[in-house]
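Asks: My questions will all concern the structure given below.
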Amino acid sequence: MPLLDVKDLRTSFHTRDGIFRAVDGVSFSLERGETLGIVGESGSGKSVTCYSIMGLIPQPPGRIEGGTATFDGVDLLHCTPRQVRSIRGKRVSMIFQDPMTSLNPYLRVSEQLIEPLLIHEKISRRSALGRGLEMLESVGIHDAGKRIHDYPHEFSGGMRQRVMIAMALITRPELLIADEPTTALDVTVQAQILELIKAMQGELGMAVIFVTHDLGVVSGLCDRVQVMYAGRVVETADTRSLFRAPRHPYTIGLQRSIPSMQPKGAELYTIPGLPPDPSLAISGCAFAPRCEFAAESCRATEPELAEVGPGHSQACLRVQAGEI
Amino acid sequence: MSDSILELRDVRTHFPVTAGFLRKRRVGTVKAVDGVTLTLGRGEVLGLVGESGCGKSTLARTILHLIPATAGTVVLNGRNLSQCSARELKASRRDLQMVFQDPYASLNPRLTVFGALAEPLLVHKVCPASEVGARVAELMRIVGLAPRFVRKYPHEFSGGQRQRIAIARALALEPKVIIADEPVSALDVSIQAQILNLLSQLCRTMNLSLMFIAHDLSVVKHISDRIAVMYLGRIVELGGALDVIDRPQHPYTRALVSAIPTPDPDVERRRQRIVLPGDPPSPLNPPAGCSFHTRCPHARDRCRSEIPPLVPHAGREVACIRLGEF
């Protein structure tokens, strides 16, 4: 049984300007210890997918319209708040993009760091602080003993992200959801944080969902990658096949538009047009208006993910029909 | 150099740091840019890379005299901008334009596209008022926007389109030099490719010189002829784009290059990443000697006392006193 099994997740936001379908039928599953990368451009629904699983979508305006997210036998979307609270923050934790805004500026790091322990485990403050200290040391904060009582603003961006990671991992979760954890950081600091997540994963054996828009970050870290577009998964495969033999026109276009995958100075491939407006209902394939291979059938029929190789699925009708 | 259009000689930009509420006293100096010497050739694309806080944006603003330089000279087309009168400076700005990082912030939300593009034309009296409309339409076509959008406001456009408007505004005065400060960092990958293509095409067709500032090395390598790497207000390596990225010499450039994740799972698995310890030091209190010595895997005692000059080495210039020793 997979650790996490998401089926047909649909999340939308009901606003004055209409209904925004942020996630529109996403299914995936994750084994214990596996690393899944979710990539996509802004607005593709990758973050909303994670927030929905964690129960962090503000409702209203958000609404989970359907689907299930089964974590170790418990459907996180339809269980009691009590059950969610016993799992969230203990067995599933999350780190966020911006460590400047996701730490509470009014609380000392020590308070925030041991909060999950005090809530989820029967543990004294003193021994919780001891574990907090150990955790800070293992994420690479020097003189953790002194720094643990500092406030977040006394840390640099990279250090704050380390504190976030320590906070997420202090309960030894089975699943870590990382939502663009390195986007706000410089490259040399990003390298430190990626190495840290890899090392901690090896130590704790947890599964990781890594959300990013950077295909480069995914390639070194993840076992499997799924590409999202306009709230749907368009392609999912093991990392090697996704980079070596992408099949969906969007994935191919995305890879051809990255400078580091092209010869220097060559004109970059550009995907024409813009992502669709999420407030309008999409008929057929969401990528069809920008796709150079689109045919009549693409605009009429909504494509489903179908296997094109072992563990490699994609949602393009024409690829499935063997036409391209 | 006679074929250079823009020349920086030992440019320094320092900011005083004050403390106290009523009686301000000076408690220190942030040396954001600390002795940069650079030339930009005609039609050349120079990439400027570095991490946040290294002074690359301050350098850009200093070149345009949006921030006064503390010392050093900026020579544009033979004219020393540091000694210009306000009137001469305004005239020089015709030749020197800037594109900013965030197209959501750099366009006036109350001006239509027409307003934004016509303003520089009218301020500098480039063409008679009757021809402004035609010129604006032409500018929009150059950057790939349909002229029928001319009466729209910035909020009606996407990020990529807004960046096109910002580029059109910079082109309005037919400048010789454009300084682009992280023009694609706020954009998605597929949109980023469109803007990169547009910029390199403009440089070729209009013989523009471009100073392209970014933190993404793969983007900079793609577009630049030469690359300058900055660390804590100084240039540590300067040379041909392929030399600097594919065969970096300075320990900082090496670490920076090895830190970029590549979208190739096999390369990623094989590679030995140089992970630098710690964060970049604060420019308020930079380390003595080579400012990189606190994080450098090759630092020796003399690195802590001597400030390394940029010296020619292996076909480029590098600022490290231990060159060839590691």
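Protein sequence lines, in the order shown, are assigned to chains L and Z.
Quick note on this note's numbering: the first sequence kicks off at 42 and runs consecutively.
Quick note on this note's numbering: the second sequence kicks off at 12 and runs consecutively.
Glycine included, C-beta positions come from ideal geometry on N, C-alpha and C.
Does the stretch 240-251 of chain Z come into contact with the stretch 58-77 of chain Z, if we say contact requires no fewer than three beta-carbon pairs (one atom in each stretch) closer than 8 Å?
Replies: With the cut-off at 8 Å, the stretch 240-251 of chain Z and the stretch 58-77 of chain Z touch.
Asks: Is residue 112/L buried or exposed, if buried means 16 or more other CB atoms sit within 10 Å of its CB?
Replies: In the first sequence, counting from the first residue as 1, residue 112/L sits at position 71. Per the 10 Å Cβ criterion, buried.
Asks: For a cutoff of 8 Å on Cβ pairs, would you count residue 233/Z as touching chain L?
Replies: In the second sequence, residue 233/Z corresponds to position 222, counting from 1. Yes, contact with chain L.
Asks: Using only alpha-carbon positions, find the residue among 304/Z, 204/Z and 31/Z that is nearest to residue 230/Z.
Replies: As a working mapping, residue 230/Z is identified with position 219 in the second sequence. Ranking 304/Z, 204/Z and 31/Z by Cα distance to residue 230/Z puts 204/Z first.
Asks: To the nearest angstrom, how far is the alpha carbon of residue 259/Z from that of residue 220/Z?
Replies: Taking the second sequence and counting its residues from 1, one reaches residue 259/Z at position 248. Taking the second sequence and counting its residues from 1, one reaches residue 220/Z at position 209. In a straight line, the C-alpha of residue 259/Z is about 24 Å away from that of residue 220/Z.
Asks: I'd like to know whether the C-beta of residue 275/L is nearer than 8 Å to at least one C-beta of chain Z.
Replies: On the first sequence, residue 275/L is found 234 positions in, with the first residue counted as 1. No, no contact with chain Z.
Asks: Run through chain Z and tell me which residues come within less than 7 Å of residue 230/L, C-beta to C-beta.
Replies: For the purposes of this step, residue 230/L is identified with residue 189 of the first sequence, where counting begins at 1. Residues of chain Z passing the Cβ test: 290.
Asks: Does DSSP put residue 262/Z in a helix, a strand or coil?
Replies: Looking up residue 262/Z in the second sequence gives position 251. Correct three-state label for residue 262/Z: helix.
Asks: So which residues on chain L does residue 275/Z lean against when the C-beta distance must stay under 7 Å?
Replies: Taking the first residue of the second sequence as 1, we reach residue 275/Z at position 264. Ordered by position in chain L, the residues that pass the 7 Å Cβ test against residue 275/Z are 260 and 284.
Asks: Since residue 254/L meets chain Z, which of its residues come closer than 9 Å, beta carbon to beta carbon?
Replies: Position 213 of the first sequence, counted from the start, is the residue given in the question as residue 254/L. Within 9 Å Cβ-Cβ: 199 and 200.
Asks: Are the C-beta atoms of residue 169/Z and some chain L residue less than 8 Å apart?
Replies: Along the second sequence, one-based indexing puts residue 169/Z at 158. Yes, contact with chain L.
Asks: Counting only beta-carbon atoms, is residue 202/L nearer than 8 Å to chain Z?
Replies: Looking up residue 202/L in the first sequence gives position 161. Answer no: the Cβ-Cβ gap between residue 202/L and chain Z never drops below 8 Å.
Asks: In chain Z, what lies closer than 9 Å to residue 184/L by C-beta?
Replies: Your numbering for residue 184/L matches position 143 in the first sequence. Those do not exist, as residue 184/L stays about 13 Å from chain Z at its closest Cβ, beyond 9 Å.
Asks: Just list the residues that DSSP pairs residue 246/Z with in beta bridges.
Replies: Counted from its first residue, the second sequence places residue 246/Z at position 235. BP columns for residue 246/Z point to 241/Z.
Asks: Can you give me the C-alpha to C-alpha distance between residue 218/Z and residue 195/Z, rounded to a whole angstrom?
Replies: Position 207 of the second sequence holds residue 218/Z. Position 184 of the second sequence holds residue 195/Z. When rounded, the distance between both Cα atoms is 21 Å.
Asks: Between residue 279/L and residue 296/Z, what straight-line distance do the alpha-carbon atoms span, to the nearest angstrom?
Replies: As a position in the first sequence, residue 279/L is number 238, starting the count at 1. As a position in the second sequence, residue 296/Z is number 285, starting the count at 1. So the alpha carbons of these two residues sit roughly 47 Å apart.
Asks: Let's see if you can read the secondary structure: which residues bound the beta strand (DSSP E) around residue 273/Z?
Replies: By one-based count along the second sequence, residue 273/Z stands at place 262. Unbroken run through residue 273/Z: none, as it is neither H nor E.
Asks: Would you say residue 133/L and residue 216/L are within 8 Å of each other, going by their C-beta atoms?
Replies: Here residue 133/L refers to the residue found at position 92 of the first sequence. Here residue 216/L refers to the residue found at position 175 of the first sequence. Yes.
Asks: Is the shortest distance between the beta-carbon of residue 179/L and the beta-carbons of chain Z less than 8 Å?
Replies: As a first step, residue 179/L is located in the first sequence; it is residue number 138 there, counting from the start. No, its Cβ sits nowhere closer than 8 Å to a Cβ of chain Z.
Asks: Here's the rule I'm using: 16 or more other beta-carbon atoms within 10 Å means buried, otherwise exposed. How should residue 205/L be labelled?
Replies: What you label residue 205/L is simply residue 164 of the first sequence in a count that begins at 1. With 16 or more other Cβ atoms within 10 Å, it is buried.
Asks: Which residues in the same chain have their Cβ closer than 6 Å to the Cβ of residue 110/L, if we skip the five residues on either side of it in sequence?
Replies: As a first step, residue 110/L is located in the first sequence; it is residue number 69 there, counting from the start. So the qualifying residues of the chain are 47, 94, 117 and 118.
Asks: Which stretch, first to last residue, makes up the alpha helix (DSSP H) that contains residue 160/Z?
Replies: As a first step, residue 160/Z is located in the second sequence; it is residue number 149 there, counting from the start. Where residue 160/Z is concerned, there is no enclosing alpha helix (DSSP H), given that its DSSP letter is neither H nor E.
Asks: Using the rule of at least 16 other Cβ atoms within 10 Å of the residue's Cβ for burial, across every protein chain shown, is residue 54/L buried or exposed?
Replies: Counting from 1 along the first sequence, the entry for residue 54/L is found at position 13. Residue 54/L is buried by the Cβ-count criterion.
Asks: In its own chain, which residues sit with a C-beta less than 6 Å from the C-beta of residue 104/Z, not counting the 5 before and 5 after it?
Replies: Here residue 104/Z corresponds to residue number 93 of the second sequence, with the count starting at 1. Contacts found: none.
Asks: Per the contact definition of three or more C-beta pairs closer than 8 Å, is the stretch 165-180 of chain Z in contact with the stretch 76-91 of chain Z?
Replies: The stretch 76-91 of chain Z, when compared against the stretch 165-180 of chain Z, does not touch it at the 8 Å Cβ threshold.
Asks: Provide the residue span of the beta strand (DSSP E) that contains residue 112/L, from first to last.
Replies: Translated into positions along the first sequence, residue 112/L becomes position 71. It spans 103-112 - the beta strand (DSSP E) in which residue 112/L sits, taken as one unbroken run.
Asks: Are the CB atoms of residue 68/L and residue 252/L within a distance shorter than 8 Å?
Replies: Position 211 of the first sequence holds residue 252/L. Position 27 of the first sequence holds residue 68/L. Against a cut-off of 8 Å, the Cβ pair of residue 68/L and residue 252/L comes out as no contact.
Asks: Taking 8 Å as the cut-off, decide whether the C-beta atoms of residue 106/Z and residue 187/Z are in contact.
Replies: Here residue 106/Z refers to the residue found at position 95 of the second sequence. Here residue 187/Z refers to the residue found at position 176 of the second sequence. The answer is yes: Cβ separation under 8 Å.
Asks: At least one CB of chain Z closer than 8 Å to the CB of residue 158/L: is that the case?
Replies: For the purposes of this step, residue 158/L is identified with residue 117 of the first sequence, where counting begins at 1. False, the Cβ-Cβ gap to chain Z never drops below 8 Å.
Asks: Below 8 Å, how does it come out for the stretch 30-49 of chain Z and the stretch 353-365 of chain L: are there three or more Cβ pairs, yes or no?
Replies: Contact between the stretch 30-49 of chain Z and the stretch 353-365 of chain L is absent, because fewer than three Cβ pairs lie under 8 Å.
Asks: So with CB distances below 8 Å, who are the chain L contacts of residue 271/Z?
Replies: Position 260 of the second sequence, counting from 1, holds the residue named residue 271/Z. Simply 228, 257 and 301.
Asks: Does any residue of chain Z bring its CB to less than 8 Å from the CB of residue 73/L?
Replies: Translated into positions along the first sequence, residue 73/L becomes position 32. Chain Z contact via Cβ: absent.
Asks: Name the one or two DSSP bridge partners that residue 267/L has.
Replies: By one-based count along the first sequence, residue 267/L stands at place 226. Beta-bridge pairing links residue 267/L to 79/L and 277/L.
Asks: Looking at the C-beta of residue 197/L, does it have a partner C-beta in chain Z at a distance below 8 Å?
Replies: Looking up residue 197/L in the first sequence gives position 156. Residue 197/L counts as touching chain Z.
Asks: Distance, Cα to Cα, residue 314/L vs residue 318/Z?
Replies: Here residue 314/L is taken as the residue at index 273 of the first sequence, counted from 1. Here residue 318/Z is taken as the residue at index 307 of the second sequence, counted from 1. Approximately 50 Å between the Cα atoms of the pair.
Asks: Is it right to say residue 111/Z is buried, meaning 16 or more other beta carbons lie within 10 angstroms of its own, or is it exposed?
Replies: Here residue 111/Z is taken as the residue at index 100 of the second sequence, counted from 1. Label assigned to residue 111/Z: buried.
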